[in-house]
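J.:
Residue numbers (my numbering): 3 to 173.
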């Protein structure tokens, strides 16, 4: 299996591990410790390893409070560092991919990897420079293209990002 397939395969459980908190756990599912770091939630399976913890933030539509996007950061065993995963709703235009811009820094583009029943996923390995921008920033904007061709900007608060990222790195 190629490195990329292995990395993507390792990210599927990462994405599944942070289903919306409103979803009930099944009796056979592992217990999860949850901590809040301002705008970011950290979830770690009890007794889990460092690679098992993820931090996430749900972005909702301000008009309807419907979920628009979930951003997650984890440390998959196959990656050299943190990986950010974005889950967006079905129906976005796939070819342009999405962009992440931290404050006034240059935006970083990334392609979608896959669309499943839960939505479309894009992954971004966080370089030390981008991780520093996220830790030192106030707000990030994730941009996608809606079905009508209009740009859809979703704001991601970076309040608590540093503490949450340090927490998942300390596991």
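Ideal Cβ positions, reconstructed from N, Cα and C, are used throughout, including at glycine.
Everything numeric in this text was worked out from a predicted model, so none of it was measured.
1) Is the segment 133-140 in contact with the segment 157-166, if contact means three or more CB pairs nearer than 8 Å?
2) Report yes if the CB atom of residue 97 is closer than 9 Å to the CB atom of residue 144, and no otherwise.
3) What residue range is occupied by the uninterrupted alpha helix (DSSP H) comprising residue 168?
4) When the Cα atoms are used, what is the spatial distance from residue 43 to residue 167?
5) With distance defined between alpha-carbon atoms, name the residue in 37, 91 and 82 nearest to residue 156.
6) Kindly say whether residue 66, judged by its beta-carbon, lies nearer than 9 Å to any beta-carbon of chain B.
7) Quick check on DSSP: helix, strand or coil for residue 135?
8) Using three-state DSSP, classify residue 130 as helix, strand or coil.
9) Which first and last residues belong to the beta strand (DSSP E) in which residue 43 is found?
10) Is the CB-CB distance between residue 77 and residue 85 below 9 Å?
11) Report yes if the C-beta distance between residue 89 and residue 38 is below 9 Å; otherwise report no.
12) Could you compute how far the alpha carbon of residue 41 sits from the alpha carbon of residue 150?
13) Report yes if the C-beta distance between residue 169 and residue 57 is below 9 Å; otherwise report no.
14) Taking 9 Å as the cut-off, decide whether the C-beta atoms of residue 83 and residue 126 are in contact.
15) Taking the beta strand (DSSP E) that residue 157 falls in, what are its first and last residues?
16) For the beta strand (DSSP E) holding residue 76, just list the boundary residues, first then last.
17) Decide if residue 148 is buried, meaning its Cβ has at least 16 other Cβ atoms within 10 Å, or exposed.
18) If you reduce the DSSP assignment to three classes, tell me which class residue 66 lands in.
T.: Considering the structure as presented:
1) yes
2) no
3) 163-171
4) 10 Å
5) 91
6) Structure shown: chain B not included; a single protein chain is present.
7) helix
8) helix
9) 42-47
10) yes
11) no
12) 30 Å
13) yes
14) no
15) 153-159
16) 69-76
17) exposed
18) coil
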